[in-house]
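The next block holds one structure in the form of structure tokens; read it before the comments.
2 protein chains.
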Amino acid sequence: MVNKTANPPRREDSLTRDRIIEAAIALLDDSGEAGLTFRALSVRLATGPGAIYWHIADKSDLLTAACDAVVARTLAPAAAGATPEAAIRAIALGLFDAIDAHPWVGSALMRAPEQLPLVRIVERIGQQLQALEVPDDDQWTAGSALSSYILGVSGQNAANAHMARQQGLDRTVFLHEVAMTWSQLDPGEYPYTRRIAARLPHHDDRVDFLAGIDLILGGLDAKRRRAR
Amino acid sequence: MVNKTANPPRREDSLTRDRIIEAAIALLDDSGEAGLTFRALSVRLATGPGAIYWHIADKSDLLTAACDAVVARTLAPAAAGATPEAAIRAIALGLFDAIDAHPWVGSALMRAPEQLPLVRIVERIGQQLQALEVPDDDQWTAGSALSSYILGVSGQNAANAHMARQQGLDRTVFLHEVAMTWSQLDPGEYPYTRRIAARLPHHDDRVDFLAGIDLILGGLDAKRRRAR
DNA sequence: ACCTGAACACCGTTCAAGT
DNA sequence: ACCTGAACACCGTTCAAGT
């Protein structure tokens with residue numbers, strides 16, 4: 114074991130991994146994944162691009178770390194006392210709102226399933242499935258279904274918001290334009306899409322999102338009843 | 114209306130949008146999203162980078178078009194005669210395999226929910242929900258749940274495969290390494306993840322994937338029974 | 001109408017040199 | 001131990017000039 118000296122006292126504003134990650138989050142929130150640049154980051158931190166590499170391995174490391182910071186914060190408040198179902202709904206809604214606020218988190222989570230940020234999510238959901246007394250064999254399936262659903266719907270909601278903002282449009286106006294495009298698709302090939310297009314701008318995302326969670330939980334419950 | 118002349122006869126090897134898209138797919142399959150470069154593409158097509166811009170708006174247009182070509186091919190065989198549930202399973206499994214073969218499709222689909230490739234998927238699933246006589250109000254929820262689940266699980270499966278290949282490892286060896294890392298997480302904080310780590314390398318992805326589809330379909334069925 | 005390829009304004013990353 | 005900033009090997013995209 115290397116005899117490492119204890120951390121020396123730091124200047125208040127010295128460069129640290131945490132300060133870099135916070136600056137990265139701010140940059141990502143401001144201008145999306147394209148806005149995260151080692152040059153922009155070094156300007157914001159009043160340093161050179163090379164300095165960042167002393168604390169961060171590379172860009173992918175930085176993005177994962179930023180993602181993990183957001184996820185960890187979101188999952189921090191433990192849902193105490195509530196039923197497992199309510200806890201799952203709370204976890205899901207917390208992530209939905211976090212991804213809505215930080216759209217880049219959605220796509221970042223999707224890329225490296227074995228990394229810590231997603232493991233945190235799977236763990237939290239898994240604990241609740243355990244509390245629900247879901248049989249061991251079904252926990253993996255139910256956990257995958259729930260986490261994929263959460264990431265998928267939240268990510269798509271955030272992508273819509275991001276797209277709207279990028280075009281300088283209000284979210285509702287943007288959805289109206291999408292609905293317009295969809296309603297002009299070929300009637301023979303796209304009957305379903307044309308029909309739901311009208312609903313698109315009016316639906317309440319969070320309500321519909323929770324309805325999907327309940328659908329999966331309902332499937333789990335039905336399966337358990339059948340097994341009895 | 115502009116009086117446009119009919120398409121003139123083409124040289125066999127002239128540059129067309131379709132030829133560019135096929136070359137892009139080959140490049141993406143070979144070396145992932147990072148491998149798709151206008152320079153590499155122009156070398157493959159024996160032309161200059163500028164020529165591509167005559168047929169393609171920009172890189173995002175190219176990626177969406179490549180994605181759409183793969184999705185359209187995958188959804189092409191219409192599941193005739195089968196029950197709606199079986200049709201949904203067939204659609205899901207087809208996409209799972211397509212995303213496994215073309216890992217970049219997963220992340221590409223996630224980014225622009227309003228674009229044609231995802232609309233194709235939603236339409237196909239929606240038609241089967243209609244055939245299942247799912248009430249109008251539930252079709253959106255069920256469609257979102259199914260499509261998010263399909264894209265999420267397929268995308269994560271493909272990301273694992275991609276990660277393994279990148280590290281020059283066999284898929285199973287890679288999953289064993291992930292399982293090892295997970296089983297060394299803090300026991301107080303990650304009890305669930307530690308427990309399922311052991312199952313990770315042995316599970317059959319396609320079987321587990323279909324089990325999740327059935328879970329969602331089961332939830333839909335349970336909800337219908339309750340409404341009666 | 002379609003293609004060429006140099007040029008522009010960027011990237012991530014490295015590394016000798018400093019403190 | 002940590003930081004600087006020039007340099008390298010790339011990008012996507014544009015555009016005058018060609019056919």
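Sequence lines, in order, name chains Z and U. Residues 114 to 341 (my numbering) are what the first sequence spells out, left to right. Residues 114 to 341 (my numbering) are what the second sequence spells out, left to right. Think of the CB as a built atom: it goes at the ideal place given N, C-alpha and C, for glycine as much as any other residue. Quantities reported herein were computed from a predicted structural model and do not represent experimental measurements.
Query                                                                                                                                                                                              : Result
Give the secondary structure of Ala271(U) by DSSP, where H, G and I count as helix, E and B as strand, and everything else as coil.                                                                : helix
Taking the alpha helix (DSSP H) that Leu128(U) belongs to, which residues open and close that run?                                                                                                 : Here Leu128(U) belongs to no alpha helix (DSSP H), and DSSP marks it neither H nor E.
Mind checking Gly256(U): buried by the 16 CB within 10 Å criterion, or exposed?                                                                                                                    : buried
If you draw a straight line from the alpha carbon of Trp253(Z) to that of Ala274(U), how long is it in whole angstroms?                                                                            : 19 angstroms
Name the two residues that bound the continuous alpha helix (DSSP H) containing Gln240(Z).                                                                                                         : 229-244
Which bits of chain U does Glu246(Z) rub up against, with CB to CB less than 7 angstroms?                                                                                                          : Correct list: empty, because the minimum Cβ distance to chain U is about 14 angstroms.
Three-state secondary structure (DSSP) at Ile138(U)?                                                                                                                                               : helix
If you measure beta-carbon to beta-carbon, which residues of the region 220-240 of chain U are closer than 7 angstroms to chain Z?                                                                 : Ser220, Met223, Arg224, Ala225, Pro226, Glu227, Val232, Val235, Glu236, Gly239, Gln240
Give every residue of the same chain whose Cβ lies closer than 7 angstroms to the Cβ of Lys117(Z), excluding the five residues on either side of it in the sequence, and list them in chain order. : Confidence at Lys117(Z) is low in this model, with a pLDDT of 35, below 50, so the placement of that residue should be treated as unreliable; the coordinate-derived value is given next. There are no such residues.
In whole angstroms, what is the alpha-carbon distance linking Asp283(Z) and Glu290(U)?                                                                                                             : 46 angstroms
So, does the CB of Arg341(Z) fall closer than 8 angstroms to a CB anywhere in chain U?                                                                                                             : no
With distances taken between CB atoms, is the gap from Pro314(U) to Thr285(U) smaller than 8 angstroms?                                                                                            : yes
I'd like to check one pair, Ile138(U) with Ala179(U): are the Cβ atoms closer than 8 angstroms?                                                                                                    : yes
Are the region 198-209 of chain Z and the region 238-248 of chain Z touching by the rule of at least three beta carbon pairs closer than 8 angstroms?                                              : yes
What does the alpha-carbon distance come out to for the pair Ser173(U) and Leu323(U)?                                                                                                              : 32 angstroms
On the three-pair Cβ rule with 8 angstroms, is the region 225-234 of chain U touching the region 262-281 of chain Z?                                                                               : yes
Cβ of Ser257(Z) less than 8 angstroms from any chain U Cβ?                                                                                                                                         : yes
Which of the three DSSP states is assigned to Ala425(U) in this structure?                                                                                                                         : Given a span of 114 to 341 for chain U in the structure shown, any question on residue 425(U) remains unanswerable.
Look up Ile263(U) in the DSSP assignment and say whether it is helix, strand or coil.                                                                                                              : helix
Report the three-state DSSP secondary structure of Leu333(U) (helix, strand or coil).                                                                                                              : helix
Report back the beta-carbon spacing between Leu346(U) and Ala221(U) to the nearest angstrom; my notes put them in contact at under 8 angstroms.                                                    : Only positions 114 to 341 of chain U appear in this structure, which leaves residue 346(U) out of reach.
Short of 7 angstroms Cβ to Cβ, which residues in the region 147-177 of chain U face chain Z?                                                                                                       : none
What does Ser296(Z) touch in chain U if you count any residue whose Cβ is under 9 angstroms from its own?                                                                                          : The premise fails here: Ser296(Z) is roughly 12 angstroms from chain U at the closest Cβ pair, so nothing lies under 9 angstroms.
Please go through the region 135-179 of chain Z and give each complete alpha helix (DSSP H) segment of 4 or more residues, from N-terminal end onward.                                             : 151-157, 162-165
Within a Cβ cutoff of 8 angstroms, which residues of the same chain sit near Gly161(Z), ignoring the five residues on either side of it in sequence?                                               : Ser155
With 16 other CB atoms within 10 Å as the buried threshold, where does His215(U) fall?                                                                                                             : buried
Counting only the same chain and skipping the five closest in sequence on each side, list residues whose C-beta sits under 7 angstroms from that of Gly148(Z).                                     : Leu140, Leu141
Compare the C-alpha of Ile165(Z) against each of Ser127(Z), Arg186(Z), Asp143(Z) and name the closest.                                                                                             : Ser127(Z)
Below 6 angstroms CB to CB, which residues in the same chain sit around Phe209(Z) once its five sequence neighbours on both sides are set aside?                                                   : Ser267, Phe322
Here's a check: name, in chain order, each residue in its chain whose Cβ is nearer than 8 angstroms to the Cβ of Val247(Z), leaving out the five neighbours to either side.                        : Ala255, Leu333, Arg337
According to DSSP, simplified to helix, strand and coil, what is Pro304(Z)?                                                                                                                        : helix
Can you tell me the Cβ-Cβ gap for Ile329(U) and Ala258(U), rounded? I've got them flagged as a contact below 8 angstroms.                                                                          : 5 angstroms
Against Arg312(U), what residues of chain Z qualify as contacts under a CB-to-CB distance less than 8 angstroms, listed in chain order?                                                            : Trp253
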